[in-house]
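A.B. asks: Okay, handing you the structure first.
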Amino acid sequence: MWPEDLDALQRVFDRLCSEYRWPRKSAQAQRYGRMLIEEYQAGTRDEYLLLAAGRASIESSLVQKRPA
């Protein structure tokens, strides 16, 4: 990865942490940080798409945790 790639991932990570009010070193933040890196390595390079993928993954896990 190039420095600009890391910068893009950091911006997306920071935005998700802010939106979901997670401390950057929390377990949730670290889990989704890893997911963002995996998504990037799978070929998603656009920040908007990375942000959308992060939000979708987070929302999906929140829905799964809700009681029926």
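Residue numbers (the working numbering): 37 to 104.
Note that the Cβ used here is the ideal one computed from N, Cα and C, for glycine as well.
Hey, would you say residue 76 sits closer than 8 Å to residue 45, going by beta carbons?
C.D. replies: Mapped onto the sequence shown, residue 76 falls at position 40. Mapped onto the sequence shown, residue 45 falls at position 9. Yes, the Cβ-Cβ distance between residue 76 and residue 45 is below 8 Å.
A.B. asks: Hey, quick one: how far does the alpha helix (DSSP H) through residue 67 stretch, first residue to last?
C.D. replies: On the sequence shown, position 31 is the one that residue 67 refers to. It spans 63–77 - the alpha helix (DSSP H) in which residue 67 sits, taken as one unbroken run.
A.B. asks: Candidates 86, 57 and 37: which alpha carbon is nearest residue 71's?
C.D. replies: Working through the sequence shown from its first residue, we reach residue 71 at position 35. Here the closest residue by C-alpha is 86.
A.B. asks: Buried or exposed for residue 89, going by 16 or more other Cβ atoms inside 10 Å?
C.D. replies: As a position in the sequence shown, residue 89 is number 53, starting the count at 1. With 16 or more Cβ atoms within 10 Å of its Cβ, residue 89 is classed as buried.
A.B. asks: I think residue 48 touches residue 83, with their Cβ atoms under 8 Å apart; what is that distance to the nearest whole Å?
C.D. replies: In the sequence shown, residue 48 corresponds to position 12, counting from 1. In the sequence shown, residue 83 corresponds to position 47, counting from 1. Right, the Cβ-Cβ distance comes to about 6 Å (below 8 Å), so this counts as a contact.
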